[in-house]
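Here is the structure we will look at.
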Amino acid sequence: MDFLNFLQQLINGLSLGSVYALIAIGYTMVYGIIKLINFAHGDIYMVGAFIGFYSVTLLKLSFIPTLILAMAGSAVLGVIIEKVAYKPLRNSPRITLLITAIGISLLLENGFRFIFGPNPKPFPEVLPAKIIYLGPIRIGLIQIIMFTVSMVLVLALQFIVYKTKVGKAMRAASFDTETAQLMGINTNNTISFTFALGSALAGAAGVLVGIAYPRIDPYMGIMPGLKAFVAAVLGGIGVIPGALAGGLMMGTLETFTKAYISTKLSDAIAFSILIIVLIIRPAGLLGKKTNEKV
Amino acid sequence: MGGIKKGLNKKSIITALILILVYIILYYMIKTRVINPYKSQILIIIGINIILAASLNLILGFTGQLTLGHAGFMSIGGYTAAMMTLKFHLPFAAALLAGGLFAALISYLFGLPILRLKGDYLAISTLGFGEIIRVIIVNLDFIGGPRGLAGIPKKTTFTWVYVITVLTVIIIYNLIKSTYGRAMISVREDEIASEAMGINTTKYKIIAFVIGGFFAGIAGGLYAHLIMFLDPKTFGFLKSMDILIYVVFGGMGSISGSILSASILTYLPEVLRSFSDLRMIIYSILIIVLMLFRPEGLMGSKELSLNTFRKLSNTGSLKRGGKK
Amino acid sequence: MTLLKVDNITINFGGLTAVSQFSMNIGENDLYGLIGPNGAGKTTIFNMLTGVYTPTLGKIEFSGEDITGIKPYNITQKSIARTFQNIRLFKNLTVIDNVKISFNYKSKYSLFDCILKLPSYNKEEEEMEKEAMKILKVFKLDDKANEFAKNLPYGEQRRLEIARALATKPKLLLLDEPAAGMNPQETNELMHLIKWIRDEFKIAILLIEHDMKLVMGICEKIVVLDYGKIIAVGNPTEIKNNPKVIKAYLGEEV
Chain A
-6 MDFLNFLQQL
4 INGLSLGSVY
14 ALIAIGYTMV
24 YGIIKLINFA
34 HGDIYMVGAF
44 IGFYSVTLLK
54 LSFIPTLILA
64 MAGSAVLGVI
74 IEKVAYKPLR
84 NSPRITLLIT
94 AIGISLLLEN
104 GFRFIFGPNP
114 KPFPEVLPAK
124 IIYLGPIRIG
134 LIQIIMFTVS
144 MVLVLALQFI
154 VYKTKVGKAM
164 RAASFDTETA
174 QLMGINTNNT
184 ISFTFALGSA
194 LAGAAGVLVG
204 IAYPRIDPYM
214 GIMPGLKAFV
224 AAVLGGIGVI
234 PGALAGGLMM
244 GTLETFTKAY
254 ISTKLSDAIA
264 FSILIIVLII
274 RPAGLLGKKT
284 NEKV
Chain B
168 MGGIKKGLNK
178 KSIITALILI
188 LVYIILYYMI
198 KTRVINPYKS
208 QILIIIGINI
218 ILAASLNLIL
228 GFTGQLTLGH
238 AGFMSIGGYT
248 AAMMTLKFHL
258 PFAAALLAGG
268 LFAALISYLF
278 GLPILRLKGD
288 YLAISTLGFG
298 EIIRVIIVNL
308 DFIGGPRGLA
318 GIPKKTTFTW
328 VYVITVLTVI
338 IIYNLIKSTY
348 GRAMISVRED
358 EIASEAMGIN
368 TTKYKIIAFV
378 IGGFFAGIAG
388 GLYAHLIMFL
398 DPKTFGFLKS
408 MDILIYVVFG
418 GMGSISGSIL
428 SASILTYLPE
438 VLRSFSDLRM
448 IIYSILIIVL
458 MLFRPEGLMG
468 SKELSLNTFR
478 KLSNTGSLKR
488 GGKK
Chain C
21 MTLLKVDNIT
31 INFGGLTAVS
41 QFSMNIGEND
51 LYGLIGPNGA
61 GKTTIFNMLT
71 GVYTPTLGKI
81 EFSGEDITGI
91 KPYNITQKSI
101 ARTFQNIRLF
111 KNLTVIDNVK
121 ISFNYKSKYS
131 LFDCILKLPS
141 YNKEEEEMEK
151 EAMKILKVFK
161 LDDKANEFAK
171 NLPYGEQRRL
181 EIARALATKP
191 KLLLLDEPAA
201 GMNPQETNEL
211 MHLIKWIRDE
221 FKIAILLIEH
231 DMKLVMGICE
241 KIVVLDYGKI
251 IAVGNPTEIK
261 NNPKVIKAYL
271 GEEV
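Residue numbers (the numbering used here), protein chains in the order written: chain A, -6 to 287; chain B, 168 to 491; chain C, 21 to 274.
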C-alpha cells in the first residue's frame, strides 16, 4: 500500500468525516434527550445547504455570514419541527414518533423539490479553491476550512454542554427527564435548545459540503444523514464525543473504501458496519448499556 | 360472540360467494373493456399493493416491529421470479413461489440476528439492509446490473393477481386469528409480559418477518411480470416508505385497513394525475397529521366484516366493528 | 419436597449491589411472603427468579434443575409464572385472548394447520376457549371475556394479570404486589382468592406485598428484605414483633 496515497486518503477521509461528525452530533444529542432517531435530521443538513446557497447567490453574503445564517435558519427549523410534530407525541408509542419523523423527512425532501426543483444546483465559489501541496499530497484549502470549522463548532458545543447552565440542564434531562423536571429544569426549553444546537450543526455541515462539493439538491441529505447516523451509533448513541469519533471514522472508512475497494460498494459497506456493530455491541463502541425497568 | 367457528360455516360461505361474484363481475368488465386496459392495470397494481401492505402489516402492525426495508424483499422476489422464467423457463406459479421462498430465506437469515434489536435500531438496520440489497443487485451484472432486467414475459393477469391477493389476505387473516397471531400481538403489546407468559418473542418476530418477506417476494414476482422490466432503483427505501404509508394510513393492525388504504392510495394518484408533483408532499403531510391526530389510521386495529355491514344497515350508525 | 431452592444469590449493577446473599426454600404447596421497604430489592429478586436478570453470584434451583440465568420464556415453560408490579396486560387484546396467550407454549398445531384451518387447529382452539373461560369464571371475569383488556376497571385488570399467569399452569406463582391500589374490600377478596388458588390448584405462591393485613393474613412464612439483605424470616407473629423489622419500616402499621 502506497503510504503517501494512504495519507492522502486519510486527509480526505478526515475532512469528509468532520462533516459526518457535525451531523452525527445532532443525531446523538437528540437521541440522548428524547430517545428519538430524528429521521429528518439529514434533511435539515440539506436545508442548511440551501439556505447557504441562496445567501450566497441572492444575498451575496460572504462565507462567515452565510454560515451563521444557515446555522440560524436550521436551528429555527429544528425547533419548529420539534414543537409542532415531536412535542405533542412525547408520550406516544415510539413507532408513532418514528413514523412522524419519517413524514417530516419526506415533507422536507419533497417540499424543497417542489419549490426549488429537483435539479442539482451548482454552489458558486465562496472560498478560494486553493490547493496546498505537501509533497505529492494535495490538501484543499476548503478541506482545511471544513475540518477547522467543524472542530471549532464541536469545541464550542463541548463548552456549552459542560460549562454552561443550559448544558447542565441538557445533560440532566438526557439522563433522566422526569427527575430533571422535578429538580426545576424546564425540560421543554432544554429539549428545544438541544434541537436548535443539533440542527445548527447540521446546517453548518450543509453549507460546508455545499461549498466543498458544489452541488446541492433536495435529496442530498438522505445518504449523509444515514451515514451520520451510523457514525452516531458507532460512537455510542447519546455520547457526543462518540459521535465525533464515529463521524471521523465513517468519513475515513468511506474514503478508503472508495479508494481501495469500490465506489459502488461504499454505501453498502457503511450499512453493513452499522448492522454488525448493532448486533455485536448494541450500545455502540463507547456507549452504555441500559436496562428497561421491569 | 359465539364460540370458535369451524372451517365451513355461514360467514365463510357468504364471503366466498361475494369474492367469486366480485371476481366474475370485474373479469367480465375487463374482458368487455368496460374497464379499459389502463384501468385494469391499475386494478392489478392495487392487488400487488394490497399484498405488500398486508405483508408489512403482519410485521409492523401486528407484531410491532418497525421494518423499513420491505421493498428489498419485494425486489429479491421479483428478480428471482424473473430469472426463473427468463433463464429456466419455469411455469409462472413455480417462478412466483421461488421468488417468495428465496425472499423468505433471506428474511430468515437477516432476521435471525437483527430481530433481537429493538425499536429505532431495528428500524435503521432494516433500512440499511434494504439499501444493501439494492447495492448488491446493482452490482450483479448477470441480472442486469444498474441498467435493470428487461424482457420479462408478461404473465401477470387480473386473474392471477386476484386469486393471489385473496389467498394472501386469507392466509394472513387466519394466521392472526390463531395462537401464532395472538403471540405476535402480545409481542407488540408488551414484550416483557409476553416472555413472562412463556412466549419466545424472537421466534415469533422471525415468523412474522419471514412470512411478511415471503409475500413481499410474491408481490415482487407479480410486479416483475406485469411491468416486464425491473429497475433496481424502484426498490429503494422510498418504495419501502410507500408501503409503510399504506399500512399506517389503513391502520396498523387492520388487514381490511390495509386493503382499503392500498386501494385508495394506488387509485388516487391515477385520478389526480395533475397533482402527481404534490403526491409525495400530500402523503408526507398526511403521515404527520395522522400520527398527530389519528395514529390508528383508517381502521385502527379493527376489521371490516359482515357484522359491520349488518350493523350499518340496522342502526344507521357505525359502532365498534365486529370481529370474526 | 423443596420446589424452589435459592442459594445465596447476589446481583450487582455496575458497582451497586442491589441484592446480596439471598437464600430461600419454597416447598410445593407453600404460601410465602416477601416484604420490605421500597427499593429493598424485592422485585429484583423476582426478576432473578424469572430470568429477567442473571444473578452475579449464587444459584437458583427449581424441581432439582439449575435454572440460574435461563431466559424468561424458558422459566415460564418450566412452570414458574409471575405477575408485574405495574400491570402489564396486553391492552389491545381481549380479556380471553390475554388468557389464551398463556396456552401458547403448549400449543401443538403448526402454521399450516392454522392457515388451512385443519381440524386439529379447530379442535385445539375450541379447547383453549373452554379452558380460558373456565379460568375466567374462577376470577369472575367471564362476562367480560370479549372486552378489551384496556377497558377493564383497575381491580379487574389486576385479577386478569393473576388469571393470565395462572393459565400458564405453573407450579410456583410469583405475585408482585397483587393488592396494589385496591380498597380494603377488594384486598379482602383477593386474600381469599389467593388462598383458594393455592389450595385448589395445589401450587406454591410467593408474593411481594405492602399491605400487611394481606401478608399477615395468608402467608405461612415471611421473609423481610432491607437494602438487598434478609433481615428477618419467620411466621407472621414472629415478624410482627421483630424489632429489626419494625425499625426498617419505621412505624409502619401492622
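Just so you know, even glycine gets a beta-carbon here, dropped at the ideal spot from N, CA and C.
- In terms of Cα proximity to C/T114, the closest of C/L194, C/E149 and C/A252 is C/E149.
- In the structure shown, the three-state DSSP call for C/S40 is strand.
- Along the region 172 to 187 of chain A, there is no position whose C-beta sits under 7 Å from a C-beta of chain B.
- Counting every other CB atom within 10 Å of its CB across the protein chains shown gives B/H256 a total below 16, marking it as exposed.
- With fewer than 16 other Cβ atoms inside 10 Å of its own Cβ, A/I57 counts as exposed.
- If you look at C/L192, you'll find it in the beta strand (DSSP E) that goes L192 to D196.
- At the C-beta level, C/L172 and C/L180 come within 8 Å of one another.
- Contact residues of the region 326 to 360 of chain B toward chain C are I338, N341, L342, S345, T346, Y347, R349, A350, I352, S353, E356, D357, I359 and A360 (C-beta to C-beta distance below 7 Å).
- Chain A places no beta carbon closer than 8 Å to that of B/L225, leaving this residue out of the contacts.
- In this structure A/I184 is not in contact with A/A205, their Cβ atoms being roughly 32 Å apart against a cut-off of 8 Å.
- The three-state secondary structure of C/I228, taken from DSSP, is strand.
- Within chain B, V302, V305, N306 and P313 have C-beta atoms less than 9 Å from the C-beta of A/K257, given in sequence order.
- When the beta-carbon positions are compared, B/L272 and B/S407 stay at least 8 Å from each other.
- Under the 8 Å criterion on CB atoms, A/N84 is classed as non-interfacial with respect to chain B.
- The Cβ atoms of B/A383 and B/F240 sit closer than 8 Å to each other.
- Scanning A/G6, A/L90, A/I88 and A/F(-4) for the CA closest to the CA of A/F140 turns up A/G6.
- Counting only unbroken stretches of 4 or more residues, the alpha helix (DSSP H) elements lying wholly within the region 173 to 211 of chain B are 177 to 198, in sequence order.
- The region 117 to 136 of chain A and the region 44 to 62 of chain A touch, with three or more beta-carbon pairs separated by less than 8 Å.
- Within the region 165 to 196 of chain C, N166, R184 and T188 place their CB atoms closer than 7 Å to a CB of chain B, listed in sequence order.
- DSSP places C/E81 in the uninterrupted beta strand (DSSP E) bounded by L77 to F82.
- Within the model, the alpha-carbon separation for C/L36 versus A/K158 is close to 29 Å.
- A straight line joining the alpha-carbon of C/E144 with that of A/A162 spans about 57 Å.
- Taking 7 Å as the Cβ-Cβ cut-off, the region 83 to 100 of chain C approaches chain B at P92, Y93, T96 and Q97, given in chain order.
- Short of 6 Å from the beta carbon of C/G56, and not among the five residues preceding or following it, lie these beta carbons of its own chain, in chain order: K62, V244, L245 and D246.
- With contacts defined as CB atoms closer than 8 Å, B/V456 and B/G228 fail to qualify as a contacting pair.
- At least one CB of chain A lies nearer than 8 Å to the CB of B/D287.
- Scanning its chain for C-beta atoms nearer than 8 Å, with the 5 sequence neighbours on each side dropped, one finds around A/T50 the residues P117, in chain order.
- Bridge partners of C/P57 according to DSSP: none are assigned.
- Using a Cβ-Cβ cut-off of 8 Å, C/I55 does not count as an interface residue toward chain B, since no Cβ of chain B sits closer than that to its own.
- Nearest Cα to B/V189 within the set B/K370, B/A270 and B/V333: B/V333.
- Burial is judged here by how many other beta carbons sit within 10 angstroms of a residue's own beta carbon; B/Y450 has at least 16 and is buried.
- DSSP places C/D246 in the uninterrupted beta strand (DSSP E) bounded by K241 to D246.
- By the neighbour-count criterion, in which a residue is buried when 16 or more other Cβ atoms sit within 10 angstroms of its Cβ, B/Y195 is exposed.
- The beta carbon of C/Y269 does not come within 8 Å of any beta carbon belonging to chain B, so the residue lies off that interface.
- When C-beta atoms of the region 40 to 49 of chain A are compared with those of the region 224 to 234 of chain A, fewer than three pairs fall below 8 Å, so the two segments do not count as touching.
- For C/N124, the closest of C/P263, C/L227, C/H212 and C/A187 by C-alpha to C-alpha distance is C/A187.
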